[in-house]
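One structure is given below, encoded as structure tokens.
In the working numbering, the protein residues as written are 11 to 224.
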């Protein structure tokens with residue numbers, strides 16, 4: 011398999027975690043978002059939306075969108091699983107993942123940040139307030155969702171798709187200065203995840219394109 015992504019992309023980060031949890035090997039192909047490589051014709055043929063990540067399977071098929079990629083990996087390589095066995099728990103894990111990936115992270119991606127700073131000309135104070143309102147608000151909803159279920163991770167005692175989405179979101183929240191002091195459950199899970207080899211392997215600073223400072 012080939013993973014096309016960017017070292018600091020939250021969406022790519024969550025797929026790297028899923029691949030590592032499943033012990034799957036892949037070739038990594040950096041796409042430098044700051045240089046606009048996601049808009050080059052060769053990459054747009056893989057993902058017309060011009061976003062990362064994109065996964066090219068062993069037979070040449072292309073899967074895009076991080077949640078769809080993780081679901082594909084779960085279907086293609088079901089063991090070890092990143093979904094709970096219980097059907098209701100599977101739904102809860104997917105709900106937390108979607109809250110973080112669809113409600114929180116999009117407001118923090120490069121396209122949105124560029125628009126807020128260059129088009130709307132928000133200053134640092136306004137940016138911080140905006141991020142706390144929208145990504146922060148979604149994360150607080152995920153805090154309540156995760157707090158409703160026992161265990162070491164978002165759902166139970168094994169990392170799931172929810173944790174794959176949580177760790178990159180917490181990483182981004184820390185990077186952008188979102189106050190997470192009212193998210194003790196998410197903070198505890200994040201710290202526990204970061205002690206696991208799969209999460210360590212997937213860390214942004216451990217990726218080959220990070221060393222170039224891109």
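Glycine included, C-beta positions come from ideal geometry on N, C-alpha and C. Just so we're clear, the structure is a prediction, and the values are computed from it rather than from any experiment.
Closest residue to residue i among the options (Cα-Cα distance)
i: residue 137; options: 47, 99 and 186; result: 186
i: residue 202; options: 79, 163 and 85; result: 163
i: residue 143; options: 124, 113 and 217; result: 113
i: residue 174; options: 133, 65, 87 and 108; result: 108
i: residue 37; options: 146, 65, 71 and 148; result: 65
One or two residues paired with residue i in a DSSP bridge
i: residue 39; result: 14
i: residue 106; result: Answer is none; residue 106 lacks a bridge partner.
i: residue 74; result: 64
Residue range of the unbroken beta strand (DSSP E) whose run includes residue i
i: residue 65; result: 64 to 66
Residues near residue i in its chain [Cβ-Cβ closer than 7 Å; skip 5 each side]
i: residue 76; result: 21, 24, 25, 63 and 111
i: residue 156; result: 106, 164, 195, 196 and 199
i: residue 47; result: 41 and 53
Spatial neighbours of residue i in its chain, beta-carbon cut-off 8 Å, leaving aside the 5 residues before and after
i: residue 68; result: 11
i: residue 184; result: 190
Beta-carbon proximity list for residue i, same chain, < 6 Å, skipping 5 on both sides
i: residue 82; result: 73
i: residue 16; result: 22, 41, 43 and 62
i: residue 153; result: 193, 195 and 196
First through last residue of the alpha helix (DSSP H) which encompasses residue i
i: residue 91; result: Unbroken run through residue 91: none, as it is neither H nor E.
i: residue 136; result: 134 to 143
Three CB pairs or more closer than 8 Å across the segment 84 to 101 and the segment 168 to 176: Taking 8 Å as the limit for Cβ pairs, the verdict is that the segment 168 to 176 does touch the segment 84 to 101.
Can you find at least 3 beta carbon pairs, one from the segment 208 to 217 and one from the segment 187 to 199, that sit closer than 8 Å? Two segments are said to touch when three or more pairs of C-beta atoms, one from each, lie closer than 8 Å; by this definition the segment 208 to 217 does not touch the segment 187 to 199.
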